[in-house]
Structures are given as structure tokens and as C-alpha cells.
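Residue numbers (the working numbering): 19 to 107. Cβ atoms here follow ideal geometry from the backbone N, Cα and C, with glycine treated the same way. Read through the structure below, which is laid out as C-alpha cells, and then see the notes.
Structural data, given as C-alpha cells:
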């Protein structure tokens, strides 16, 4: 316990060396990333042939939905609401 100043000095030097190594590594990493961004080309999206692509058509308002489907959906919604009603505290 007599060499506390020596131990603190050694701990400080080890800490400084570690912090310097981390700083150097991060600085090197920044320069490597910048170099890669300059050397590698920017990725372009794949070109599509817009002439061959058909636009989706919207359903006309004159189209009718099957009444059986409407009844099934209505029954399912009514059952869901009757079973899953939130309880008030």
C-alpha cells in the first residue's frame, strides 16, 4: 500500500494508452468509410420497362358485391362486437 502514487500513475498511463487506441481506431474507421463511399459507385435502382407494366384498374361503381358475402361479413362483424366488447372497470 506504500506505492499508491505509482499505481495511480500506471493506471492513468494505461487509461491514456487505451483511450488513444480507441481514438485512432475510430479515426481510421471514419477515413476508411469515406474512402469506400468515394470508390464504390452509388447503387442505382433496377430499371423497369414502364411500357410493359399495366396500371391496375379500379373497380367500377357499377360492380355489385355478392349479397352472400355482404351477409357473411356483417355476421362476422356483429359476432366479433358481441364477443369482444370491452368491459368497463
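Item checked: Span of the alpha helix (DSSP H), counted from its first residue to its last, around residue 28 -> Judged by DSSP secondary structure, residue 28 falls within the alpha helix (DSSP H) whose first and last residues are 22-57.
Check: In whole angstroms, what is the alpha-carbon distance linking residue 97 and residue 89?
Finding: Each residue's Cα considered, the two are about 12 Å apart.
Notebook entry, point to check: Got a sec? Which residues, its chain only, sit under 7 Å from residue 44 by beta carbon, not counting five neighbours each side?
Noted result: In its chain, beyond the 5 residues on either side, no residue has a beta carbon closer than 7 Å to the beta carbon of residue 44.
Note to self: Taking 8 Å as the limit between beta carbons, can you name the residues of its chain near residue 25, skipping five residues before and five after?
What the structure shows: Closer than 8 Å at the Cβ level, and outside the excluded window around residue 25, lies no residue.
Notebook entry, point to check: Just the Cα atoms here: how many angstroms apart are residue 33 and residue 49?
Noted result: When rounded, the separation of the alpha-carbon atoms in residue 33 and residue 49 is 25 Å.
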